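**Student:** Be aware that the sequence shown starts at 321, since it is given in this note's numbering, and climbs by one per residue.
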Amino acid sequence: MWKEEDNKLKGTFKFDTFIEAFSFMTEVAMTAEKMNHHPDWRNVYNTVEINLSTHDAGNMVTSKDRQLAQRIEASYNRCRNVI
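1. Here's a check: name, in chain order, each residue in its chain whose Cβ is nearer than 6 Å to the Cβ of Ile392, leaving out the five neighbours to either side.
2. Along the chain, which unbroken stretches of the beta strand (DSSP E) at least 3 residues long are found entirely within the stretch 344-373?
3. Per DSSP, what kind of secondary structure is Phe333 in: helix, strand or coil?
4. DSSP puts Met321 in a beta bridge; with which residues?
5. If I'm right that Asn366 touches Ala341 with Cβ under 8 Å, what's the distance once you round it to whole angstroms?
6. As a quick exercise: from Glu324, His358, Phe344 and Asn327, pick the residue whose alpha carbon is nearest that of Phe333.
7. Looking only at C-alpha atoms, which of Asn371, Arg362 and Ile339 sits nearest to Met321?
8. With the cut-off set at 9 Å, would you say Met350 and Lys384 are in Cβ contact?
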């Protein structure tokens, strides 16, 4: 699901509908806010692309990114087929 490239963890998440993608983004936003670690992301219809790196560590991948990536995967599994 994730690949490490260009000092970032990169993931692409596909859903059946825009509503599923938006639900996923909402859940990830809440998690990221609690962790005070926010993703660089993009959404087009049913696809969400996420890049994670830690600004305070010189834009490198850290354990903080890996922890958020695990939580994002859990959100992805919950948000698919919510309708």
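Glycine included, C-beta positions come from ideal geometry on N, C-alpha and C. Values in this document were obtained by computation on a predicted structure and should not be read as measured data.
**Tutor:** Quick answer:
1. Locating residue 392 in the sequence shown gives position 72, where the first residue counts as 1. Here the set comprises Val348.
2. 360-364 and 367-372
3. Along the sequence shown, one-based indexing puts residue 333 at 13. The answer is strand: DSSP assigns Phe333 an E or B state.
4. Taking the sequence shown and counting its residues from 1, one reaches residue 321 at position 1. Note: Met321 sits in no beta bridge, so no partner.
5. Here residue 366 refers to the residue found at position 46 when the sequence shown is read from its first residue. Here residue 341 refers to the residue found at position 21 when the sequence shown is read from its first residue. Right, the Cβ-Cβ distance comes to about 5 Å (below 8 Å), so this counts as a contact.
6. Position 13 of the sequence shown, counted from the start, is the residue given in the question as residue 333. Comparing Cα positions, the closest option is Phe344.
7. Working through the sequence shown from its first residue, we reach residue 321 at position 1. Closest option to Met321, Cα to Cα, is Asn371.
8. As a first step, residue 350 is located in the sequence shown; it is residue number 30 there, counting from the start. As a first step, residue 384 is located in the sequence shown; it is residue number 64 there, counting from the start. Not in contact: Met350 and Lys384 (Cβ atoms no closer than 9 Å).
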